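Enquirer:
Protein chains in written order, with UniProt numbering: chain G, 1 to 1013; chain B, 1 to 212.
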């Protein structure tokens, strides 16, 4: 297919580089420098999509981010799909493949269009809400089909081959938009020495100067753009980010930018020749000052059938001609309310195609551009407007009539002009979206006929967005903003910069024109579209106001005006104007809408960045991790730690199950010796003369008498009296303690100690430091533990000189170590702490000597079973933030008579914590020895009670015990301690009811003799 | 003396010792190391002595002068080195400093400082097994940091002789700038592998040279 709409000269495309691309299965050619949109227009592609609700044929309307129709699904492969890409923002590359997001089986013959044609008249606003209201339960089903019909792009079904990343920035001045104002601002701020970031969403920086008819210093405006960019690129304090959209403007001048890094080059970064580079990058910018130079969006006029392909914005027509050398038709009718749009007709004519007429709504336009058009022989029809487009799949004519804007009626005879393109301009809306993200409401400016940004602290708006439409004033405004921003940041030497000379033109004032009247009422006339992307019509807004929706916020929600990825770029002001007319109010009285981030869609990949896959969350490893991996451990996540769960062996070619491995590991500990990597336990070094006093205040039990060399188990409560953490604390010296915490509680406990020290007891002389990572901890436990350890240390391990709950300095396998005689298994146990860098050495030595004792490594699962057999709790498993030490039967660890009250003490005397029927910690022995109860299962006293049953407790831990040869459980049961020997029932969802006997939670060695051997 | 139990963790013999990254080097070697242009050079300064000093600035300063002939940096976020460049002191918080010294010196240094500090209220904690230092240099080192850290690492905001505790991806690190060409990350042992792999990933587009 030839590029029938491409003209031979001009434009910024490189005709020597021909690029092949595919759209909706059809192959086309474009040039380097094209966007997908300009290449489609060059090839005369009229229909690029089907509309959202009515399934009407739609063509390209705009040339930038405001494009509502040419929203495509990009990607050649299943894994490279990107939904909702605006063709106007997608740089063309060789091999590009894109499809329309809507329209099945294709946009030319859309089977859904019957909905629009037959149902169109019956689809008022709120159609879906009203039609699919009942039954409510069916809405999910309806919605699925409605969404399928609507077609909002497809998520990729395969994993993305590309990567995305983030980059953090800080700058003095963040300039958003590299048009005339933005360039001048960046230059002024940069020359003053400020750190400047300049971003622009287009393929090339320059903004409106890239398609301008204006000259700067007497030569093409693009020359000044080139010079300025060259200077900026050479400055070390400037970061230029082309192809980068400022999508979100958050509190405190935090701006998020979305940079498209390789997607203008190829389907994947790798195909573009990159390695390790991201496809898109999210820049997170903390800016001292923001210069908002986001320019304007031209407002289309609202007239009948204004959505037919061939209806375009006047500025877009100029843009395609001058920047891409593409004339998107042969015969043009221009309908305008202002002088500026005349450029489109002049450009069109200069490109060698026919301008049928300029239809101007004003009575006596006589600005310089108007004269120039008349002098060029273009017919200018005043006091009139295009009231309706004619055609089926493309414009074939424009119905033009005199209009009375005051009375909102068509006044004259309707003329039909033969044409294939209707360009319109109803004025220019400042792009206030970003400023609105901060929560500031835009302000209506009656002279401009548009909203300008409200005040935002630390933001200066410049150029078009601030209502400056004249080029010379825009440049000066930008320079002023850049200088002021630099000064605000302390660059007091900021100077005026020399700006290029511009030509001043006489301009006749624009008139206010939004919706164009038709001979028929809005409800009977052919559809007049306000929001093309969401299929919102003028009639729809009129109906909404009649149904009582008076605030524009309500109108918006009822009609979908400005929803979704569009964010009201073309339609919002027209919609407000129509609502205002229907309600007989002014536009600011109707209200302004809020624009929300993101300005244009940001791919999820860019939001996630590298925080995915293996890097999604830190994985914390102990110093012994490599040994665990090499010895076949299965791992369990405990917080961010990877802990060995169990160590399955292969027996007769078959790998043990969890159950088999745990049974074997448990018996090894009870009958021989086992070893556990306990390095993940939190460890806090506490020093200071008041360390002991502090411990007494945060633990429930007493610490005053604990001598150096001794260890004590402690319980820590929150101020509500509920258990928050537990662990052993060793007295290292009179002013020196080592506290251990649960693995998951380590960081929280340290914060808790610091909080109380810093806010409540700053007078206590004590310091806390985490030493969790410094020490590696190995637990050697079982009847043979002493024999094994004595082979590696010269320390006296005798039961009399090194008692249960003692600790000593020692050397183990040549490495200085601290050995703690504490036990979480109920067996003889030694916890060996060594500096972590030596841990692997000591561990391996233990195994060298442990072979003859069948030293068995065990993981967290076996640890859980062994401690449960002893009735030892795990905070967070057997407790849930509603359990007191009393509930756990740990009265022995509560020092009610301590001189200084400890955290939680008062709460333990509340009536609720003293109730006799609180859930108390007990053991459960299932009547059937083979049953292992479900953890979390509810406990009832009457197994035959009908539902809802009275729930009296729940199972907190439950395992099979290889030592006891039956299942057993720990539980909390109301008044459980007084119910020893009683039978309780555990009903399951499948109707089974298990029976169990309430017993002591200590199942093995109730007298605790084994750990004292 | 302060009634604190000192503990010399330095062995007398030569048992096998492993840096926190030993596992990572074996598990995740750099793909094609050395074969390409390296915009980033990554090196672990392994097995150094790390002490965390807490207490009042004035008494600690006196002790540090006496024992190390160095000034305690009083300015927030300051980092100072001794003449050899092998010993450094970094301000961490109003009552907290990080001392990094050649490996093996830490316990004798702790002892000397304790002697000098006498009965003052302070704490010294040996953290040598719990953290390691990653050095980052090369022309793209700053960009790698910008991809990882939200703190401002521009030379105007982060001059040589500055150090901060900050967030690195999803971990917490101490970031410091010992010289024009080099950045140091002090990372916790258990997070070292995550930080190392994050750095390799963030550096891959520039080419990375890993020096072990």
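For glycine and all other residues, C-beta sits at the position ideal for the given N, C-alpha and C.
In this text the structure is predicted, and so the values were computed from the model without any measurement.
Using a Cβ cut-off of 9 Å, which residues of the region 187-199 of chain G contact any Cβ in chain B, in chain order?
Expert: The residues in question are 195.
Enquirer: With the cut-off set at 7 Å, would you say residue 175 of chain G and residue 291 of chain G are in Cβ contact?
Expert: In this structure, residue 291 of chain G lies closer than 7 Å to residue 175 of chain G by Cβ.
Enquirer: With a threshold of 7 Å between beta carbons, is residue 168 of chain B in contact with chain G?
Expert: For residue 168 of chain B, the answer is no, since every Cβ of chain G falls outside 7 Å of its Cβ.
Enquirer: From residue 618 of chain G to residue 166 of chain G, what does the alpha carbon distance come to, in whole angstroms?
Expert: If you take the alpha carbons of residue 618 of chain G and residue 166 of chain G, they lie about 17 Å apart.
Enquirer: Bridge partners of residue 974 of chain G, per DSSP?
Expert: G:919, per the DSSP bridge assignment.
Enquirer: Chain B partners of residue 843 of chain G, CB-CB under 7 Å?
Expert: What residue 843 of chain G touches in chain B: nothing, since even the nearest Cβ is about 11 Å away.
Enquirer: So with CB distances below 8 Å, who are the chain G contacts of residue 110 of chain B?
Expert: Those do not exist, as residue 110 of chain B stays about 12 Å from chain G at its closest Cβ, beyond 8 Å.
Enquirer: On the CB-based measure, 16 or more other CB atoms within 10 Å of its CB, does residue 199 of chain B come out buried or exposed?
Expert: Buried, because 16 or more other Cβ atoms sit within 10 Å of the Cβ of residue 199 of chain B.
Enquirer: Would you say residue 816 of chain G reaches chain B, if we count a Cβ-Cβ gap shorter than 7 Å as a contact?
Expert: So, interface residue.
Enquirer: Keeping to the same chain, check which residues put their C-beta closer than 6 Å to that of residue 66 of chain B; ignore five residues upstream and five downstream.
Expert: Closer than 6 Å at Cβ, skipping near neighbours: 116.
Enquirer: Roughly how many angstroms separate the alpha carbons of residue 120 of chain G and residue 54 of chain G, rounded to a whole number?
Expert: Legend: pLDDT at residue 120 of chain G = 49, less than 50; position of this residue unreliable, value from coordinates given subsequently. Rounded to the nearest angstrom, the two C-alpha atoms are 6 Å apart.
Enquirer: Measure the CB-CB distance between residue 345 of chain G and residue 373 of chain G and report whether it falls below 7 Å.
Expert: Yes, the Cβ-Cβ distance between residue 345 of chain G and residue 373 of chain G is below 7 Å.
Enquirer: Between residue 621 of chain G and chain B, is the shortest Cβ-Cβ distance under 7 Å, so that the two count as touching?
Expert: Cβ-Cβ to chain B under 7 Å: yes for residue 621 of chain G.
Enquirer: Rounded to a whole number of angstroms, what is the C-alpha to C-alpha distance between residue 592 of chain G and residue 19 of chain G?
Expert: Computed Cα separation, rounded: 44 Å.
Enquirer: Please name the residue, chosen from G:950, G:887, G:902 and G:966, that lies closest to residue 924 of chain G on a Cα-to-Cα basis.
Expert: Looking at the Cα atoms, G:966 is the closest of the given residues.
Enquirer: Measure the alpha-carbon distance for residue 368 of chain G versus residue 376 of chain G and round it to whole angstroms.
Expert: Cα to Cα, residue 368 of chain G sits roughly 12 Å from residue 376 of chain G.
Enquirer: Go ahead and label residue 631 of chain G buried or exposed: buried means 16 or more other beta carbons lie within 10 angstroms of its beta carbon, across all protein chains shown.
Expert: Exposed, by the Cβ-count rule.
Enquirer: If you follow the beta strand (DSSP E) that residue 171 of chain G is part of, which residue opens it and which one closes it?
Expert: Unbroken beta strand (DSSP E) run through residue 171 of chain G: 164-176.
Enquirer: Say whether chain G places a C-beta atom closer than 7 Å to the C-beta of residue 183 of chain B.
Expert: No - not a single Cβ of chain G is within 7 Å of the one on residue 183 of chain B.
Enquirer: Please state whether DSSP places residue 752 of chain G in a helix, a strand or coil.
Expert: Helix at residue 752 of chain G.
Enquirer: Enumerated in chain order, which unbroken segments of the alpha helix (DSSP H) with a length of 4 residues or greater are wholly contained in the region 293-361 of chain G?
Expert: Listed in chain order, the complete alpha helix (DSSP H) runs (minimum 4 residues) inside the region 293-361 of chain G are 314-324 and 342-350.
Enquirer: With a cut-off of 8 Å on the beta carbons, I'd call residue 601 of chain G and residue 84 of chain G a contact; round off their distance for me.
Expert: Their Cβ separation, rounded to whole angstroms, is 5 Å, which keeps residue 601 of chain G and residue 84 of chain G in contact under 8 Å.
Enquirer: Can you give the Cα-Cα distance for residue 567 of chain G and residue 348 of chain G, rounded to whole angstroms?
Expert: Their backbone Cα atoms lie some 30 Å apart in a straight line.
Enquirer: Would you please state the rounded distance, in angstroms, between the beta carbons of residue 820 of chain G and residue 711 of chain G? I believe it to be under 8 Å.
Expert: Yes, residue 820 of chain G and residue 711 of chain G are in contact; Cβ-Cβ is about 6 Å, under 8 Å.
Enquirer: For residue 13 of chain B and residue 120 of chain B, which I take to be in contact (beta-carbon distance under 8 Å), what is that distance rounded to the nearest angstrom?
Expert: Going by Cβ atoms, the distance from residue 13 of chain B to residue 120 of chain B rounds to 35 Å, so no, they are not a contact pair.
Enquirer: From the DSSP secondary-structure annotation, give me the bridge partner or partners of residue 995 of chain G.
Expert: Beta-bridge pairing links residue 995 of chain G to G:985.
Enquirer: Please state the DSSP three-state secondary structure of residue 838 of chain G.
Expert: The answer is helix: DSSP assigns residue 838 of chain G an H, G or I state.
Enquirer: Chain G partners of residue 194 of chain B, CB-CB under 7 Å?
Expert: Within chain G, the residues near residue 194 of chain B are 618 and 619.
Enquirer: Along the chain, where does the beta strand (DSSP E) containing residue 146 of chain B start, and where does it finish?
Expert: Counting along the chain, residue 146 of chain B falls outside any beta strand (DSSP E), though it belongs to the alpha helix (DSSP H) covering 141-148.
Enquirer: Going along the chain, which residues of its own chain have a beta-carbon closer than 6 Å to the beta-carbon of residue 22 of chain G, five neighbours each way excluded?
Expert: Once the five neighbours on either side are set aside, the close Cβ partners of residue 22 of chain G are 97.
Enquirer: Taking just the CA atoms, how far does residue 744 of chain G sit from residue 638 of chain G?
Expert: Rounded to whole angstroms, residue 638 of chain G to residue 744 of chain G spans 7 Å at the Cα level.
Enquirer: Since residue 855 of chain G and residue 788 of chain G are thought to touch, with beta carbons under 8 Å apart, how far apart are those beta carbons, to the nearest angstrom?
Expert: Right, the Cβ-Cβ distance comes to about 6 Å (below 8 Å), so this counts as a contact.
Enquirer: Can you pull the chain G residues whose beta carbon is under 8 Å from the beta carbon of residue 198 of chain B, in chain order?
Expert: Those are 610 and 615, listed as they occur along chain G.
Enquirer: If you follow the alpha helix (DSSP H) that residue 578 of chain G is in, where does it begin and where does it stop?
Expert: First-last of the alpha helix (DSSP H) with residue 578 of chain G: 572-583.
Enquirer: Could you check if residue 528 of chain G is buried or exposed, using at least 16 other CB atoms within 10 Å of its CB as the buried criterion?
Expert: Buried is the call here.
Enquirer: Which class does residue 126 of chain B belong to by DSSP, given the choice of helix, strand or coil?
Expert: Note: residue 126 of chain B maps to strand in three-state DSSP.
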